[in-house]
Structure formats: C-alpha cells, structure tokens
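Q:
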Amino acid sequence: MADEPPHIALVTGASRGLGAAIAHRLAVDGWTVAVNGIVADETTAVAHSIVDAGGSAAPFIADVTDEAAVTAMVDDITSTLGPVTCLVLNATGPQPDGDVDGTGWPETLDELDFFVRSPLIVGTAVLPGMRAAGHGRIVHIDSEVVSKTPANRVAYTTAKAAQVGLARSWAVELAPEGITVNSVAPGFVPVERHDNVAEVHREAYRSTVPMGAMGTAADVAAAVAFFASDEARFITGQRLLVDGGRSLG
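Just so you know, the numbering used here puts 110 at position 107 of the sequence shown, and the rest follows in order with no gaps.
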C-alpha cells in the first residue's frame with residue numbers, strides 16, 4: 004500500500020505567542036509544521052523546540068505582506084516538506100488605537116493591508132496544493148473585537164471584520180473542492196507582546212469575562228486543532244469565539 008501523503012501545516016506568525024502554541028499543538032496532532040516568522044532566531048527556535056519534543060517542523064522566514072516572499076516560501080515548503088494542506092493565518096501586525104476623528108483612510112488601509120491583503124496573498128499561494136490534494140483546511144485567527152467592539156479601535160476592528168467576511172466568502176467558494184475555511188476569534192489572551200500591559204488593565208478585562216479568568220494560548224490552539232482535524236471535515240464558514248463567554252454580555 005502506498006505511503007500516506009504528508010500532512011503539512013503552515014502557521015504564519017508562529018515565532019512566538021499564539022502562533023507558537025498553535026504550531027506546537029498541530030505537531031502533537033501529527034502535522035509537519037512549517038513555522039513562519041520574520042525574526043529568524045525566534046522562528047528557528049520554535050521549529051527546533053517542536054523537533055526536540057518529538058514533532059516534525061522546519062522554519063520558513065518570510066514577510067506575509069510581501070507577495071514575492073510568500074510565493075518563494077510556499078515553493079520552498081512544497082519542495083522540502085510537501086504541499087500545504089492546512090493553513091493557519093495567525094500573523095498579526097500593529098493594532099493602533101484611534102477614534103473616529105483620528106482615524107483616516109491611510110490608517111484604515113494599513114490595517115486592511117495586513118489583515119486582509121496578507122491572508123489573500125498566502126491563501127492564494129497555497130490553494131494550488133490543496134486543490135491538487137483534493138482537500139484542505141484554512142483557519143483564520145481573527146479577534147473578539149468583531150463581536151465585542153471596543154471604542155477607539157476603528158481601523159483594527161474594521162480590518163478584522165473584513166477578514167471575517169473574507170473567510171466566509173472563501174468557505175462558500177472552496178467547499179465544493181473539499182477545502183474548509185473557518186475562523187477562531189480569541190479574546191484577550193496574554194502572550195509575550197502583552198508583557199507591558201499593567202495588572203490593573205488585565206484585572207479590568209478579567210472582570211468582564213463570565214468565566215472569571217483569562218484564556219491561554221493553549222485554549223486558542225485547541226480550537227484551531229479541531230478545525231484542522233478530520234472531525235471537522237463537514238464544518239465550514241464558522242467562527243468560534245474563545246473568550247470565556249465575554250461576547251455574551
């Protein structure tokens with residue numbers, strides 16, 4: 004009997020934080036993980052830590068907003084590991100504060116460029132491999148801001164809402180080809196980039212969560228792992244909030 008083709012997952016923005024946790028979890032579930040990041044040392048360290056833990060992974064350095072760099076990265080992944088059949092669009096950029104009066108088109112366009120254009124670039128690059136395989140999993144990481152909209156985050160919220168629309172549109176178009184597209188929307192999950200967030204602000208957020216606790220990167224990774232799994236083969240176009248119930252209020 005022929006060997007089963009490799010299961011290759013590309014996780015963007017996986018050099019730390021949520022992306023690193025997602026990469027580790029997918030490796031535990033048997034995926035070979037292409038760990039993407041823009042900081043070579045951090046990205047390589049995550050891939051090595053997965054291998055040291057018994058998983059399979061390799062680092063791939065590329066800026067997901069650079070179309071040529073993404074094309075080269077996907078070609079490299081395909082030639083060294085195999086075609087990507089699971090894509091996790093986790094990479095994140097600046098999330099500036101800004102109210103209605105202080106947010107113009109340039110600021111909004113910057114956010115759309117990262118959270119909508121970069122998923123388009125990476126998704127377009129991996130689709131040929133998924134189509135050739137006859138199946139695929141795409142998981143967007145969006146944000147609770149689409150459901151629990153804060154003040155003074157106009158550009159970021161707009162971009163994340165557009166990303167949700169993008170995911171739903173993909174889900175409709177790609178379903179007949181055996182490719183599912185879903186989204187995971189975390190609440191405030193403290194990771195490395197939140198190290199400077201004061202405890203008073205963490206506590207203020209925690210007090211609004213019905214479960215009375217902050218989520219963890221492992222909670223988000225578990226949701227992604229489900230959408231990437233065979234058990235989710237008949238689920239597409241869905242958005243799973245990982246927020247301890249905060250969006251209910």
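In this text, a Cβ means the ideal position worked out from N, Cα and C, and glycines have one as well.
Computed from a prediction, not measured in an experiment: that's the story for all the values here.
To which residues does DSSP link V175 through a beta bridge?
A: The sequence position of residue 175 within the sequence shown is 172, counting from 1. Answer by DSSP bridge pairing: none, since V175 is not bridged.
Q: Got a sec? Which residues, its chain only, sit under 6 angstroms from I41 by beta carbon, not counting five neighbours each side?
A: The residue labelled residue 41 in the question sits at position 38 within the sequence shown. Closer than 6 angstroms at Cβ, skipping near neighbours: D66.
Q: Could you tell me which residues DSSP puts in a beta bridge with L62?
A: As a first step, residue 62 must be located in the sequence shown, where it is residue number 59. Residue identity check: residue 62 is Pro in the sequence provided, not Leu. In DSSP, P62 forms a bridge with V38.
Q: Would you check if there are 3 or more beta carbon pairs closer than 8 angstroms linking the region 70 to 89 to the region 28 to 44?
A: Yes: at least three Cβ pairs fall under 8 angstroms.
Q: Tell whether a beta-carbon distance below 8 angstroms holds between I182 and I141.
A: In the sequence shown, residue 182 corresponds to position 179, counting from 1. In the sequence shown, residue 141 corresponds to position 138, counting from 1. In this structure, I141 lies closer than 8 angstroms to I182 by Cβ.
Q: Leaving out the 5 sequence neighbours to the left and right, which residues in its chain are closer than 7 angstroms to M4 when beta-carbon positions are compared?
A: Taking the sequence shown and counting its residues from 1, one reaches residue 4 at position 1. Low per-residue confidence applies at M4: pLDDT is 34, beneath 50, and the placement is therefore not dependable, though the value from the model is reported in the following sentence. For M4, where only same-chain residues beyond five positions count, there are no Cβ hits under 7 angstroms.
Q: How big is the Cα-Cα spacing for V187 and A71?
A: One-based indexing of the sequence shown puts residue 187 at position 184. One-based indexing of the sequence shown puts residue 71 at position 68. Taking the straight line joining both Cα atoms gives about 27 angstroms.
Q: Smallest Cα separation from L92: which of A26, H10 and A207?
A: On the sequence shown, position 89 is the one that residue 92 refers to. Per the Cα distances, A26.
Q: If distances are taken between C-alpha atoms only, which option among R209, E114 and V175 comes closest to D246?
A: Along the sequence shown, read from residue 1 onward, the residue named residue 246 stands at position 243. Looking at the Cα atoms, R209 is the closest of the given residues.
Q: Smallest Cα separation from H10: which of T68, L169, R156 and A136?
A: Start at 1 with the first residue of the sequence shown, and residue 10 comes out as number 7. Ranking T68, L169, R156 and A136 by Cα distance to H10 puts A136 first.
Q: In this structure, what does DSSP give as the bridge partners for A216?
A: Here residue 216 refers to the residue found at position 213 of the sequence shown. According to DSSP, A216 bridges with nothing at all.
Q: What is the rounded straight-line gap between the Cα of G240 and the Cα of G139?
A: The residue labelled residue 240 in the question sits at position 237 within the sequence shown. The residue labelled residue 139 in the question sits at position 136 within the sequence shown. In a straight line, the C-alpha of G240 is about 14 angstroms away from that of G139.
Q: Check this for me: beta carbons of R236 and V167, under 8 angstroms apart or not?
A: Against the sequence shown, residue 236 aligns to sequence position 233. Against the sequence shown, residue 167 aligns to sequence position 164. No, the Cβ-Cβ distance between R236 and V167 is not below 8 angstroms.
Q: Among R28, A75 and V157, which residue has its Cα nearest to the Cα of I53?
A: Looking up residue 53 in the sequence shown gives position 50. Per the Cα distances, R28.
Q: Apply the 10 Å Cβ neighbour rule to L251 and answer buried if 16 or more other Cβ atoms are within range, or exposed otherwise.
A: Within the sequence shown, numbered from 1, the residue matching residue 251 stands at position 248. So L251 counts as exposed.
Q: Return the chain-ordered ranges of every beta strand (DSSP E) run that is complete within the region 84 to 143 and spans a minimum of 3 residues.
A: The region 84 to 143 contains these whole beta strand (DSSP E) runs: 87 to 92.
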